[in-house]
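Residue numbers (my numbering): -8 to 239. Since the structure comes first, as structure tokens, the remarks are kept for the end.
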């Protein structure tokens, strides 16, 4: 399990955005090396026949050998391309639900709606769940088939995130044993999950349909949204067993 800070940032990486150029650099260098060696022998008037007794010939052979290694390295790098991660089909229902029995602070409903619509439009986020003070008060996007909205519960990973104050990114959900705490309420086919604490009382769960589908920039955005929710909901008190929210 990785924290958000440990996830490699490829969003603005110059190498990632120009990977074909950097993969071909050894090829360019090897080609220039061979051309340089041949041009040097031609311009220096050295005989085209390699003479083992000549120090110049030995250096040229070494230069051609090193250039050939670079050429082969460049060809190998160009042949190795990362596999494109395709989105997985999701099995579930699409909803936009907010607990009607909880009276949220002014502006909170609008913030929740804005957060979901923004994440849906700009990222690979397919589900957004907010659990606060032990209650599932918001669920937007996909939900597991046959699951009733408002029944999501915080499991061990969510509780750990709230206690530590550190978010976690499960980039390939199927590899983590703790995935079962999310599969109860997230749709079948979810590939990755971000768990972001909302203060000490809540947790924001964002799910994607693509392996490594949430970039570090997206995670930073989710962290900012969670911090804003923490400020907005800090005066919310949910009555146990009743469910009505009141403000202090």
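C-beta: ideal position from N, C-alpha, C; glycine also. These figures come from a predicted structure and were not determined experimentally.
- Residue 30 sits in a helix when the DSSP states are folded into three classes.
- Taken through DSSP and simplified to helix, strand or coil, residue 19 comes out as helix.
- Linking residue 97 to residue 136 through their CA atoms gives a straight-line distance of about 32 Å.
- Distance between residue 215 and residue 163, taken at the CA atoms: about 23 Å.
- A contact is defined here as three or more CB-CB pairs under 8 Å, and the region 202 to 209 meets this definition with respect to the region 151 to 171.
- For residue 124, same chain residues with a beta-carbon under 8 Å away, outside a window of 5 residues either side, are 192, 193, 227, 228, 229 in chain order.
- The three-state secondary structure of residue 170, taken from DSSP, is helix.
- DSSP lists 199 as the beta-bridge partner residues of residue 116.
- In its chain, beyond the 5 residues on either side, 88, 120, 140 have a beta carbon closer than 6 Å to the beta carbon of residue 130.
- By the CB criterion at 8 Å, residue 24 and residue 54 fall inside the cutoff.
- When C-alpha distances from residue 167 are compared across 181, 82, 157, the shortest belongs to 181.
- DSSP lists 194 as the bridge partner or partners of residue 188.
- For residue 150, the uninterrupted alpha helix (DSSP H) run begins and ends at 147 to 155, by DSSP.
- According to the DSSP assignment, residue 47 belongs to the alpha helix (DSSP H) that extends over 46 to 70.
- Judged by their CB atoms, residue 223 and residue 102 are nearer to each other than the 8 Å cut-off.
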